[in-house]
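Report on the structure given below.
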Amino acid sequence: MDFCQIVTSETDTTQALIAGVRNELVAIPLPSILTIESVAKSDISLVDQEDVIYLRGRVIPLIYLDKLFELEPFAEEEDSITVVVCIHNDSCVGLVVDTLMGQKDIETKSLGILEDNQFFSGASILEDNDVAMIINVQSFIA
Numbered sequence: 006m007d008f009c010q011i012v013t014s015e016t017d018t019t020q021a022l023i024a025g026v027r028n029e030l031v032a033i034p035l036p037s038i039l040t041i042e043s044v045a046k047s048d049i050s051l052v053d054q055e056d057v058i059y060l061r062g063r064v065i066p067l068i069y070l071d072k073l074f075e076l077e078p079f080a081e082e083e084d085s086i087t088v089v090v091c092i093h094n095d096s097c098v099g100l101v102v103d104t105l106m107g108q109k110d111i112e113t114k115s116l117g118i119l120e121d122n123q124f125f126s127g128a129s130i131l132e133d134n135d136v137a138m139i140i141n142v143q144s145f146i147a
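Numbering of the sequence shown is given in the numbering used here, commencing with residue 6 and proceeding in unit increments.
Here's what the structure looks like:
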């Protein structure tokens, strides 16, 4: 019997919030999360053609990940949305997700040919072999 040694490169491990956007999974690094809010649609305002919420004296622009990633819309509309408020260099953005699936330790894997994609910093394979794309929060704020 022949043996071969499998060498894996070191991976970067971090804690992340796993969230669902339609049938896709995203991982949002915990250090970039300020808060998670359930926001009534009636509390969303329009400023300069952009949906925003007001939170603790701040204007938070909303990024609808389903629209950004061109995913199918839900058949039925909800009265509220789940917003993961992220912060980078004192600037905030609200990422709109469908479901929250909990906190996980994840290993960042390279994206290969998608490495130049500005919205993702990598991918992670979860325990159930699902793949979660890791959100690059800085790309939404910069």
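Ideal placement from N, C-alpha and C gives every residue a C-beta, glycine not left out.
In this text the structure is predicted, and so the values were computed from the model without any measurement.
Helix, strand or coil: how does DSSP classify Gln54 here? Your numbering for residue 54 matches position 49 in the sequence shown. DSSP places Gln54 in coil when its eight states are reduced to three.
How would you call Asn94, buried or exposed, if buried means at least 16 neighbouring beta carbons within 10 angstroms? Here residue 94 is taken as the residue at index 89 of the sequence shown, counted from 1. Flag for Asn94 reads exposed.
Consult DSSP for Pro36 and reduce its assignment to one of helix, strand or coil. Counting from one through the sequence shown, the residue named residue 36 turns up at place 31. Pro36: helix per DSSP, three-state reduction.
Asp135 versus Val31 - alpha carbon distance: Counting from one through the sequence shown, the residue named residue 135 turns up at place 130. Counting from one through the sequence shown, the residue named residue 31 turns up at place 26. Distance between the alpha carbons of Asp135 and Val31 is about 10 Å.
Report whether the distance from the Cβ of Met138 to the nearest heavy atom of the ligand GTP is below 7 Å. In the structure shown, the ligand GTP is absent, as is every other ligand, since no ligand is present at all.
Look at the Cβ atom of Ile92, then the Cβ atom of Leu39, and state whether they are nearer than 8 Å. Position 87 of the sequence shown, counting from 1, holds the residue named residue 92. Position 34 of the sequence shown, counting from 1, holds the residue named residue 39. In terms of Cβ geometry, Ile92 and Leu39 form a close pair [threshold 8 Å].
Please classify Cys9 as buried or exposed, where buried requires at least 16 other C-beta atoms within 10 Å of its C-beta. The residue you call residue 9 lines up with position 4 of the sequence shown. For Cys9, the predicted structure reports a pLDDT of 39, less than 50, and the residue's modelled location is therefore unreliable. The matter cannot be settled from this model.
How long is the line joining the alpha carbons of Cys97 and Pro78, rounded to whole angstroms? As a working note, residue 97 is residue 92 in the sequence shown. As a working note, residue 78 is residue 73 in the sequence shown. Rounded to the nearest angstrom, the two C-alpha atoms are 25 Å apart.
From what residue to what residue does the beta strand (DSSP E) around Ile130 run? Here residue 130 refers to the residue found at position 125 of the sequence shown. Per DSSP, Ile130 belongs to the beta strand (DSSP E) from 125–130.
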